[in-house]
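*Asks:*
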Amino acid sequence: MSNQLPDVQASSPEVTVGLNRVGVTGVEKLVKVDRDGRRPIVLMAEFEVFVDLPSWRKGADMSRNMEVIDETLEDAVSGTTSRVEDVCGDAAERLLDKHDYTTEAEVRMEATYVVRDRTPESDRPTQSTADIIASATATDEGTREAIGAHVVGMTVCPCSQGMSAVRARETLATLGVEDDTIEEFLERVPQPGHSQRGHATVTVESEGSPDVDLHDVIEIARDSMSARIYNLAKRPDEDHMTYESHADAKFVEDCVRAMAEGVVEHFPHLPDDAVVTMEQSNDESIHQHNAHAERVAEMGTLRAELNGDRDRL
Numbered sequence: 000m001s002n003q004l005p006d007v008q009a010s011s012p013e014v015t016v017g018l019n020r021v022g023v024t025g026v027e028k029l030v031k032v033d034r035d036g037r038r039p040i041v042l043m044a045e046f047e048v049f050v051d052l053p054s055w056r057k058g059a060d061m062s063r064n065m066e067v068i069d070e071t072l073e074d075a076v077s078g079t080t081s082r083v084e085d086v087c088g089d090a091a092e093r094l095l096d097k098h099d100y101t102t103e104a105e106v107r108m109e110a111t112y113v114v115r116d117r118t119p120e121s122d123r124p125t126q127s128t129a130d131i132i133a134s135a136t137a138t139d140e141g142t143r144e145a146i147g148a149h150v151v152g153m154t155v156c157p158c159s160q161g162m163s164a165v166r167a168r169e170t171l172a173t174l175g176v177e178d179d180t181i182e183e184f185l186e187r188v189p190q191p192g193h194s195q196r197g198h199a200t201v202t203v204e205s206e207g208s209p210d211v212d213l214h215d216v217i218e219i220a221r222d223s224m225s226a227r228i229y230n231l232a233k234r235p236d237e238d239h240m241t242y243e244s245h246a247d248a249k250f251v252e253d254c255v256r257a258m259a260e261g262v263v264e265h266f267p268h269l270p271d272d273a274v275v276t277m278e279q280s281n282d283e284s285i286h287q288h289n290a291h292a293e294r295v296a297e298m299g300t301l302r303a304e305l306n307g308d309r310d311r312l
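Counting along the sequence shown from 1, when you hit position 44 you're at 43 in numbering that gives the first Met the number 0, and nothing is skipped either side.
#1: Between the alpha carbons of V7 and R93, how many angstroms are there, rounded?
#2: For L305, which of helix, strand or coil comes out of DSSP?
#3: State the DSSP-derived secondary structure class of L29, mapped to helix, strand or coil.
#4: Does DSSP put P235 in a helix, in a strand, or in coil?
#5: Where does the unbroken alpha helix (DSSP H) through Q287 begin, and where does it stop?
#6: Could you pull the start and end residues of the beta strand (DSSP E) that Q190 belongs to?
#7: So D33 packs on T101, CB below 8 angstroms; how close in whole Å?
#8: Which of the three DSSP states is assigned to L171 in this structure?
#9: Would you check if the stretch 108-116 and the stretch 168-176 touch, i.e. whether three or more CB-CB distances between them fall below 8 angstroms?
#10: Just mark C156 as buried or exposed, buried being the case when its beta carbon has 16 or more other beta carbons within 10 Å.
#11: Here's the rule: buried if 16 or more other CB atoms are within 10 angstroms of the residue's CB, otherwise exposed. What is V295?
#12: On the DSSP letters alone, give me the boundaries of the alpha helix (DSSP H) that D89 sits inside.
#13: Give the DSSP bridge partners of N281, in chain order.
#14: DSSP state of R166, grouped into three classes?
#15: Using only alpha-carbon positions, find the residue among D178, I285 and E204 that is nearest to A133.
#16: Please determine if the stretch 269-277 and the stretch 236-246 are in contact, where contact requires at least 3 C-beta pairs separated by less than 8 angstroms.
#17: Mark I285 as exposed unless 16 or more other C-beta atoms lie within 10 angstroms of its C-beta, in which case mark it buried.
#18: What is the C-beta distance between T200 and G147, in whole angstroms, given that I count them as a contact (C-beta under 8 angstroms)?
#19: Looking at the unbroken alpha helix (DSSP H) that takes in A257, where does it start and where does it end?
#20: Report the rounded CA-to-CA distance for R123 versus N230, giving the unit in angstroms.
#21: Hey, S341 and D116 are a contact pair by Cβ (cut 8 angstroms); roughly how many whole angstroms apart?
#22: Can you tell which of L18, R37 and E45 has its C-alpha closest to the C-alpha of V30?
Here's what the structure looks like:
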């Protein structure tokens, strides 16, 4: 048998159709994130890596490319980094250089990030988690990078809360309570509404690395819902979360709008062409379906909408 095996991947396919994304998923690597004056955080990250494939080529040399991808990611994660999106950007640019038939390389990373926290009333140390989402797309024109976070929180439905308030108002009236007292009571004591486990996702994309702090992105996502939730919760903490969530009842749409407001407020320095993706999904408690809302917009558009400047839209 000949020692020179045929390169079937480089042959022409029977169906000459190009493919946008060919690659591998589920590639696990350790990533070290720098912290000022402290030990770096070590993340177990999962990568997805893709290149485009022209119509004249049968395959992307999957086994051979896995070796290239593995070497590329090893080089990209061998040291520490202050921005995980730069790891994706470095890997995407290296892949583009190593594939002469490729015009676009994409690298996506997800990892669980642990944030030290304190409970809201008992003030006990605890931890919360966020899913980091980083990605990069490299072409001959440059590299776009994105950084974001997915967090879990709590929301309360304003519609069901409004119906509960009507019932409370009518009941108190039949008991002879004066109208002014009823309104003051309802203002001080939020009425029940059905609650949901909420999932908020915010990502920011720009040319090169977005000039945003990951912790700020996480905070924007956590603050967008009716209330934060905690791994540890004593009874005073449970009371705090219950009250706060009902005092700030939000539709799924309200959460996305709160994210937009938070991004514009926290990142005034971002260029107008930076792209922000905001998603909210709620696990409904009284329905078999779930609720979802999202918005993708450039920073300039979000600023104009929030400022009421419709002439810029």
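For each residue, glycine too, the CB sits at the ideal point set by N, CA and C.
*Replies:* On the basis of the coordinates in this document:
#1: Because V7 sits at a pLDDT of 49, beneath the cut-off of 50, its placement in the model cannot be relied upon, and the following sentence gives the value as read from the coordinates. Cα-Cα distance, rounded: 24 angstroms.
#2: L305: helix per DSSP, three-state reduction.
#3: Here L29 sits in strand by DSSP.
#4: DSSP, read as helix, strand or coil, puts P235 in helix.
#5: That residue, Q287, is in no alpha helix (DSSP H); it is neither H nor E in DSSP.
#6: From DSSP, Q190 is part of no beta strand (DSSP E); its letter is neither H nor E.
#7: Your pair D33 and T101 does not check out as a contact, with CB atoms roughly 31 angstroms apart and the cut at 8 angstroms.
#8: The answer is helix: DSSP assigns L171 an H, G or I state.
#9: The count of Cβ pairs closer than 8 angstroms, one atom from the stretch 168-176 and one from the stretch 108-116, stays below three, leaving the stretches out of contact.
#10: Buried, because 16 or more other Cβ atoms sit within 10 Å of the Cβ of C156.
#11: With fewer than 16 other Cβ atoms within 10 Å, it is exposed.
#12: It spans V83 to K97 - the alpha helix (DSSP H) in which D89 sits, taken as one unbroken run.
#13: Bridge partners of N281 according to DSSP: G197 and A290.
#14: It is helical.
#15: A check of alpha carbon separations from A133 across D178, I285 and E204 identifies E204 as the nearest.
#16: Two segments are said to touch when three or more pairs of C-beta atoms, one from each, lie closer than 8 angstroms; by this definition the stretch 269-277 does not touch the stretch 236-246.
#17: Classification for I285: exposed.
#18: Right, the Cβ-Cβ distance comes to about 6 angstroms (below 8 angstroms), so this counts as a contact.
#19: Its alpha helix (DSSP H) spans residues V251 to H265.
#20: Rounded to the nearest whole angstrom, the C-alpha separation of R123 and N230 is 11 angstroms.
#21: Residue 341 lies beyond the residue range present for the chain, which begins at 0 and ends at 312; the question has no answer from this structure.
#22: From the listed residues L18, R37 and E45, the smallest Cα separation to V30 is found for E45.
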